[in-house]
Structures are given as C-alpha cells and as structure tokens.
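Q: Below is the structure I would like to discuss, written out as structure tokens.
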Amino acid sequence: MYSKNGEDFYIVDAHIALWDARPENQRNIHGKQFIDCFYDYHRNLSPESEQWGYEEYLYQGGERLMKDVFTDGYADHAIFQPAYLKEFYNTGFGQSEEAFALAQAHPDKLTYNHNFDPRNGEQGLEQLHADAEKYGLKGVKLYTAEWHGDSRGWKLDDPWAVRYFEACRELGIRNIHVHKGPTIRPLDRDAFDVADIDHIASDFTDLNFIVEHVGLPRLEDFCWIATQEPNVYGGLAVAMPFIHTRPKYFAQIMGELLYWIGEDRILFSSDYAIWTPKWLVESFVDFQIPEELGEYAPITLEQKKKILGLNAAKLYDLEVPARLRLPDADETATGPRQPERADLAAV
Amino acid sequence: MAPATLTTRVRLDPPPGAGLDEERVRRAMDVVIDPELDEPITDLGFVRSVEVGTGGPTDVTVHLRLPTSFCSPNFAYLMASDAKDAVSALPGVGRVVVELDDHHDSVIINAGLATDAGYRGTFRHEAEQDLDELRETFRRKAHTAAMERALTGLLRSRSDLEEARVGDVVLGDLPDDEVTRSLLRRRSEIGLDTDPASPVLVDAHGTPYAEGEVPMALRRARSTRISIDGNAHFCRGLLATRYPGSEADQSERPDPDRTFVPLTEITTRPTTSTKELSA
C-alpha cells in the first residue's frame, strides 16, 4: 500500500523476475549480452540514486526481492513473469523453482506465472498440463523471441501455439502475458509487429492478452489492436521508467494509452529487477500530463489507482479492500470497434 | 546495386577526384537510414570508426555499433549492407570492409558482408525473400509521422484551423520549413506526388480520408509519430550508456515539438499578453 496526501493506493507489480545471470549460469556469450542489455536499460533510465552495481544486478535472491518489492517498494502483490532463455542460461534466466518456493511462502503477496514454448509440440503440451497443476497457474509469460534449436522465434498464431492456447482455456490459465522480441523467422518482415496478437485475441475472447511494454517499439500498432479487442491489455513494463528521464515522452505514452484503450486495461509494472518499484510508484502518483500537451486530458487520481493495482487485481482475483475499489469507466471514444473499420490501420 | 536509400538525403558531394578521407566516407554514409528511427546512421552515432588506407585504390574499413546486442538482426543487416554499398560507390575506393560490432548476430552478418552473400545468403533458412517489404513498411511509417508533424505544427500556429478540418489542408498551405521539406521527401520516397494542391492527410496510397475519419486518422498518425520519436530517444540514450562518449557522435534529433507553440497558448491566450506573444 502506498499512501500520499490522505489517498491510499493498492499496488500490484504485474511484472517481476527472480533471475540468475551470474557467469556460472551463462551458457554462452548471449547470456552475457542479454544481461548487459538489461543493465544498460537499468543504468540509462534509473535515477542515479537508484542505480545498482553490476555484480548485484546479476542476481538478487528472494530476500532482497521481498525487501525491494514489498518492504521498500509498496507493492501489495506482485506477479512473477519468468523468461526461460534456455539457450542463453544453464538453468534458464528466470529461476522457476526459487520463485515458486518464494510464492508458496508468501501466497498473499506473490503469484507465480510460468512459460511455455509451442515448438516443444506434444511433449510441451503435456508439460503445460503438469505445470498448471504443480504451480496452480492463472497466467503465463510468453517471450516470442526465445531461441530454440535453429529457430529464433515464434508467433502467437502459429498452429501449435493455438493448441497451447486451447490447453490454457481448458486449464483455467486466463492471463497470457506477451513479450514481443525481435528474432522471428522469416526475418523479412517486422518481428515486433503485434498483428499476431490481434488474430489470437479475436479467436480466444475468453483469454486476456497482456502486451508487455505496451507494444513498444510498436506502440501505435498495439493501441490500434487494443481498440478492437476488448481482451487486450497493456503492461507498462519498460515504459514506466521514462517517467524520470523523459517525462514528456512518458506523458505522451500515457495520453495515447488512455485515449485509445482507456483506464481499465493498463497495468503498472516495474519489470523488477530491471528497475525497482519504489521510485516508480512515488513518481507515478505525483505525475501529471504537462499542460503544454493540450491534446490530452489530465490524468485523474482514479485512473492512477486503477493502473497502479486495481486493474491487475481484477485479472488475478486479488482481494482489494472494499473502500479502495472503483467502478469501471465507460468505453473509450475509440472502441472496441468492428473489424470492418480496421481499414484505417493501413495508415 | 545502389541502395534504395540513395535517393534521399544526399548531401553535397566533394568534387570528383578529391582524396578519400574519413570525413568523405562518413558523408557517403549519410544516405544510410535506420528505418525504424528514420534517421541517418551517421547522425545516430552508429558509425564507430572509419579507417582509410593510403594509395589507390584505397581500402576502407568501417565499424558499426548499435544500442544493444539484441537490436533486430534484420535492421542491423540492412544498415550494415547499405553502408557497404554506399562506401563502395565512392570513386577511387578499393576493398571495403564493413563490420558490425558486439551484436548477437555479428558473426553471421559480418561473414555475409565479407562475402557479399546478400540477405538470403546471410540468414539462410531464416530468410524467405528479401527485405523490400520491411523497408516499405517503415517508409510508410516515416511518411505518416512526417504528415502528423506538419499538421500538428499547422494546428498549433493557426488558431482558426479546427482539427476536424485538417483533411482540407493541402501541401501548398504548409509553411516553407524543414518539417514540410521532410514531409515532401517522404512522400516522394513512397511514390506520392508533391503537388501543392494535393491534400496532406492521406494514406500510404495517397488517398484522402472521408470527412468523418479525419480526426481519427490524425490521432492514429500521432501515435505513430510518438512511437518513432520515443524509440529514437531511447536508442540514442542506450547507445550513449553502452558506449561512453558516443553521444559526441550523435547530432541532435530534430525535436518534433520544436515548432511547437503549446496548445494552451492558443486555446487560453490571455488578451493582455498578446503583444508579448507576438514580440
């Protein structure tokens, strides 16, 4: 819970990780390149006072995570979204067993989501059934640029992926968190393209698709799809820290999101341990869209409360104190719209 | 074969026969555009080093760098191969080596460049046809963003213009400035005319929008512009973090809001300060 000026905010950090990128877990140069890329994100977008040393960035462990996210970070609840990256790290990047054990020790505070890879075929489907039971899954985190043998990516509307989503439906896994990455065969086209989310969200209207980092670097395509698909949500991972380094750009992102998809489908996340929630929550509560960006309405207190926790709480059936709950807003001016109006998408 | 980008952003060439030096090689690469960010790689600081040999024909070695190891490999290849084409086209040039440093696909891409294997030869089973569609997608996005910059600039400078009427604005209504020139270049790149009587707000085929669709088309173009500008800022920052000192090689990105009279000044213009505003 975060409180300021007599207002209470129920906080859900919808995207955290417990990773191990230490040299002994790096399988090859790509393991180092991957964590170095994250570390550059961290150094580039964090305030100086919140920057960590490289060594501590490689691995945090459960105790430090609990302190950063809950004791210092104000979160009431947080959701693990582990990336596997088995081609880069010996035991994977996200540490499943360690994170799951932590979630079992703090069931009121932590939810463990797992991942799957449709290129594992039948065997992977069986594994998904076993994982759903073992972890009690409500959601999964999918990274479409995962390397797998000589394949370096997959699409959500691949035939095998469709079978996995059918299994999700059957197993009660309702929340599909999608992280679009760059390497997908063929390399001829834009791998960040979010069009596959459009197709699959239309076919699986009973599943929720949370597009992490709100489709960045393809914010515009994400916004357009989200106007058409009421079961598409935007996760603010990676977008949040711009609030410090590029507040005007952050304001434009928020302005666009509120305009296109509305206040009920945006989810706060720190992307811990890339960043820590404390300063992000504090900054967001203080944040306002600058007056010079007159094309956007100011962001309201209620909108902030929904984004910081109430929206994610709804997706994960979290118990929010009755006094903090808020009703849904009306549909946005832009949609959801009918597919025949999608011809504007050719702009 | 000349890269398709050679038709754009050509800067002044030195006289033929002038000696080949680092500056000239760098200027030759001004035509190489990062399609996602819609800017020359020379302005983005992506050219890490240029080494020019002596004697003639002169050998040239260029090293490129990107903001992360995981930048999309198709764009990385595209920029590196365009750079090789641009440098190879210089008169008096001998052997040209272009290498991309510190990328997850450096080995693959550099081997492909060294043997002039082309896109399909470089990426083999991961390539199907070519990267023309990818280029076209991002030329269209660049046009959409340029169109929004021009129209938003106009909206902000002309209080009599309503957003719902921007569909009536023609190219001849735009001021003679860099924003307009940039729009005209991007129109040419995707095969649209630059007739002063042509409407500004059009789709990628040059078709204007029906009256009721105009505000939505403008909003959608705005989200494209914000996305591109945001990526450009992020990538520049990451490059500077990854390669300390590289910010010195980055020229300032034209601020989309530089021409920007805040809307509040238009909509809430206080009568007492009109003189100050115009001063």
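Protein chains in written order, with our numbering: chain A, 704 to 1050; chain B, 390 to 668. Where a beta carbon is used, it is the ideal one built from N, C-alpha and C, also for glycine.
Which bits of chain B does alanine 1131 (chain A) rub up against, with CB to CB less than 8 Å?
A: A question about residue 1131 (chain A) goes unanswered here, because the residues of chain A that appear run from 704 up to 1050.
Q: At the 7 Å Cβ level, is glycine 619 (chain B) part of the contact set with chain A, yes or no?
A: Taking Cβ atoms only, chain A reaches closer than 7 Å to glycine 619 (chain B), which makes this a yes.
Q: Between glutamine 736 (chain A) and chain C, is the shortest Cβ-Cβ distance under 7 Å, so that the two count as touching?
A: Of the protein chains in the structure, A and B, none is chain C.
Q: By Cβ distance below 6 Å, which residues in the same chain neighbour arginine 647 (chain B) in space, the five residues on each side in sequence not counted?
A: Residue confidence is low: arginine 647 (chain B) scores 44 on pLDDT, short of 50, so the model does not pin down where it sits. Its coordinate-derived value is still stated next. Cβ within range, chain order: n/a, list empty.
Q: Quick one: what does DSSP say glycine 626 (chain B) is sitting in, helix, strand or coil?
A: Residue state, collapsed to three classes: helix.
Q: Comparing alpha-carbon positions, which option in A:His733, A:Arg725, A:Gly852, A:Cys871 lies nearest histidine 817 (chain A)?
A: Of the listed residues, the one whose Cα sits closest to histidine 817 (chain A) is A:Cys871.
Q: Is the beta carbon of glutamate 537 (chain B) closer than 7 Å to that of alanine 610 (chain B)?
A: The answer is yes: Cβ separation under 7 Å.
Q: Using a beta-carbon distance cut-off of less than 8 Å, what residues from the stretch 885-910 of chain A approach chain B?
A: Cβ contacts with chain B come from Pro885, Thr886, Arg888, Pro889, Leu890, Asp891, Arg892, Asp893, Ala894, Phe895.
Q: When the distance is taken between beta carbons, is serine 972 (chain A) closer than 7 Å to alanine 940 (chain A)?
A: Yes, the Cβ-Cβ distance between alanine 940 (chain A) and serine 972 (chain A) is below 7 Å.
Q: Can you tell me where the beta strand (DSSP E) with leucine 768 (chain A) in it begins and where it stops?
A: First-last for leucine 768 (chain A): 764-769, but that is the alpha helix (DSSP H), not the beta strand (DSSP E).
Q: I believe tyrosine 815 (chain A) touches alanine 802 (chain A) by the beta-carbon criterion, under 8 Å. Please report the beta-carbon distance rounded to the nearest angstrom.
A: Contact flag correct, Cβ pair sits at about 6 Å.
Q: Are the beta-carbon atoms belonging to phenylalanine 459 (chain B) and histidine 493 (chain B) less than 7 Å from one another?
A: Result yes, Cβ atoms of phenylalanine 459 (chain B) and histidine 493 (chain B) sit closer than 7 Å.
Q: Consult DSSP for glutamate 995 (chain A) and reduce its assignment to one of helix, strand or coil.
A: Three-state DSSP puts glutamate 995 (chain A) in coil, outside helix and strand.
Q: Can the beta-carbon of alanine 894 (chain A) be found closer than 7 Å to that of serine 461 (chain B)?
A: A contact, by the Cβ cut-off of 7 Å.
Q: Residues of chain B with CB under 8 Å from cysteine 740 (chain A), in chain order?
A: Under the 8 Å cutoff, chain B gives Thr457, Ser458, Phe459.
Q: Along the chain, where does the beta strand (DSSP E) containing serine 438 (chain B) start, and where does it finish?
A: Residues 436-441.
Q: Smallest Cα separation from proline 633 (chain B): which of A:Arg888, A:Arg746, A:Lys707?
A: Closest by alpha carbon: A:Arg746.
Q: Label threonine 774 (chain A) either buried or exposed according to how many other C-beta atoms from any shown protein chain fall within 10 Å of its C-beta, with 16 as the threshold for buried.
A: Exposed.
Q: Helix, strand or coil: how does DSSP classify arginine 400 (chain B) here?
A: Any reading at arginine 400 (chain B) needs caution, since the residue's pLDDT is 49, under 50, leaving its predicted position unreliable; the model's value is listed next. Reduced to three states, the DSSP call for arginine 400 (chain B) is coil.
Q: Does the beta carbon of glutamate 600 (chain B) come closer than 7 Å to any beta carbon on chain A?
A: No, no contact with chain A.
Q: According to DSSP, is threonine 930 (chain A) part of a helix, a strand, or is it coil?
A: In the structure shown, threonine 930 (chain A) sits in a helix (DSSP, three-state: H, G or I).
Q: Quick one: residues in its chain with C-beta nearer than 6 Å to the C-beta of aspartate 638 (chain B), no 5 flanking neighbours on either side, listed in chain order?
A: Here the set comprises Gly434.
Q: May I ask which residues mark the beginning and end of the alpha helix (DSSP H) holding histidine 532 (chain B)?
A: Its alpha helix (DSSP H) spans residues 521-546.
Q: Contact criterion: CB-CB distance below 7 Å. Does glutamate 440 (chain B) meet it with respect to chain A?
A: So, not an interface residue.
Q: What residues match up with tyrosine 846 (chain A) in a beta bridge as DSSP calls it?
A: For tyrosine 846 (chain A), which the question treats as bridged, DSSP gives the partners A:His882.
Q: Which bits of chain B does cysteine 926 (chain A) rub up against, with CB to CB less than 7 Å?
A: Neighbours of cysteine 926 (chain A) on chain B, chain order: Ser612.
Q: Does the Cβ-Cβ distance between isoleucine 903 (chain A) and glycine 938 (chain A) come in under 7 Å?
A: No, the Cβ-Cβ distance between isoleucine 903 (chain A) and glycine 938 (chain A) is not below 7 Å.
Q: Using the three-state DSSP reduction, which class does alanine 516 (chain B) fall into: helix, strand or coil?
A: Reduced to three states, the DSSP call for alanine 516 (chain B) is coil.
Q: Look up asparagine 911 (chain A) in the DSSP assignment and give the residues it is bridged to.
A: DSSP, once it has assigned bridges, lists A:Asn878 as partnering asparagine 911 (chain A).
Q: Roughly how many angstroms lie between the CA atoms of leucine 1029 (chain A) and lysine 1009 (chain A), to the nearest whole one?
A: Whole-angstrom Cα-Cα distance: 8 Å.
Q: Name the residues in the stretch 506-523 of chain B whose C-beta lies less than 9 Å from a C-beta of chain A; which are they?
A: Of all residues in the stretch 506-523 of chain B, Tyr508, Phe512, His514, Glu515, Ala516, Glu517, Gln518, Asp519, Leu520, Asp521, Glu522, Leu523 have a Cβ within less than 9 Å of some Cβ in chain A.
Q: With 16 as the cutoff for other CB atoms within 10 Å, does serine 752 (chain A) come out buried or exposed?
A: It is exposed - the Cβ of serine 752 (chain A) has fewer than 16 other Cβ atoms within 10 Å.
Q: Span of the alpha helix (DSSP H) holding lysine 1008 (chain A)?
A: Its alpha helix (DSSP H) spans residues 1004-1008.
Q: What span of residues does the alpha helix (DSSP H) with glycine 501 (chain B) cover, start to end?
A: Looking at the DSSP string, the run of the alpha helix (DSSP H) that includes glycine 501 (chain B) is 495-503.
Q: Contact defined as beta carbons within less than 8 Å: I believe tyrosine 705 (chain A) pairs with isoleucine 719 (chain A). What is the distance between those atoms, to the nearest angstrom?
A: Rounded, the Cβ-Cβ distance is 16 Å, inconsistent with contact.
Q: Classify isoleucine 900 (chain A) as helix, strand or coil using the three-state DSSP reduction.
A: It is helical.
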